[in-house]
Amino acid sequence: MRITLLFLLVLFSNSPMTSQIADAELFFKDGTSLKGFGMIDKKDNIKFRLSLEDEPNVWTSLMVKKIIFYGFETQEEFQYVVLKPDTEAILLKVLVDEEIKLFADWERTPQYPFKKQHQTFLKNASKPEIVSTKLYIQKVTEDFPFPLTGNFKRKAKDYFSDCVGIIKKLNSGEFRKSTATDMVYYYSDICMD
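Following this line, the structure appears as structure tokens:
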């Protein structure tokens, strides 16, 4: 009986249906922002409320640019991004936000908001980690992000062809998909004009 109860408790505590309202700041396209509580639903809509007593309002990419969730000594940013012409914006997790941005498709965990397809993630209650299979990179001067999908090494070499240091580190295995954030910071620090 105890094992059954323990199993059910673990099953429901790790269920992707679990969602939490988290401290958040909602950023609008006009440059204004609101602090309150938010979450992201399965359809990339943001549900946001100013206080926990309020009913949440649903926000989309029509007026909202991004949302940042705040936790204990952490913050996670999700931004609406148009991947290609004539498509709707989707929410992507921002991994690097500098002259070059690195985005990832993301997954719902019980501790964090919320869901995307085409990826795996590790459920660890003490330190949730997202392992994405879809990464996108975008320079400030580009209209749309470049997908680093498929053969990561080949795509990264094509994108960073102007940076010999990155090509060498990709060939040696120092830079790979799991170290994509380091690669973007390296490019920003060493290779950008």
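Numbers given in this note's numbering equal positions in the sequence shown, counted from 1, plus 1337. We treat Cβ as the ideally placed atom computed from N, Cα and C, and that holds for glycine.
Can you tell me whether DSSP reads residue i as helix, strand or coil?
| i | result |
| --- | --- |
| residue 1474 | strand |
| residue 1394 | strand |
| residue 1411 | strand |
| residue 1485 | coil |
| residue 1419 | coil |
| residue 1507 | helix |
| residue 1495 | helix |
| residue 1426 | coil |
| residue 1442 | coil |
| residue 1480 | coil |
| residue 1403 | strand |
| residue 1519 | helix |
| residue 1527 | helix |
Can you give me the Cβ contacts of residue i inside the same chain, cut-off strictly under 7 Å, excluding the 5 residues immediately before and after it?
| i | result |
| --- | --- |
| residue 1477 | 1436 |
| residue 1419 | 1426 and 1481 |
Just how far apart, CA to CA, sit residue i and residue j?
| i | j | result |
| --- | --- | --- |
| residue 1502 | residue 1376 | 40 Å |
| residue 1407 | residue 1363 | 11 Å |
| residue 1398 | residue 1431 | 16 Å |
| residue 1388 | residue 1371 | 11 Å |
| residue 1381 | residue 1527 | 35 Å |
| residue 1373 | residue 1416 | 17 Å |
| residue 1379 | residue 1401 | 17 Å |
| residue 1484 | residue 1359 | 30 Å |
| residue 1369 | residue 1391 | 20 Å |
Checking the sheet assignment: what are the DSSP bridge partners for residue i?
| i | result |
| --- | --- |
| residue 1376 | 1384 |
| residue 1514 | DSSP output for residue 1514 lists no bridge partner at all. |
| residue 1370 | 1364 |
| residue 1437 | 1476 |
| residue 1282 | Nothing about residue 1282 can be read from this structure; the chain reaches only from 1338 to 1530. |
Which same chain residues end up closer than 8 Å to residue i when comparing Cβ atoms and leaving out the 5 residues on each side of it in sequence?
| i | result |
| --- | --- |
| residue 1504 | 1494, 1497 and 1498 |
| residue 1486 | 1470, 1471, 1472 and 1492 |
| residue 1366 | 1400, 1401 and 1402 |
Between residue i and the rest of its own chain, which residues show a CB-CB distance below 6 Å, the 5 nearest in sequence each way excluded?
| i | result |
| --- | --- |
| residue 1490 | 1507 |
| residue 1405 | 1362, 1412 and 1414 |
Using a 10 Å radius around the Cβ and a threshold of 16 neighbouring Cβ atoms, would you call residue i buried or exposed?
| i | result |
| --- | --- |
| residue 1422 | exposed |
| residue 1442 | buried |
| residue 1512 | buried |
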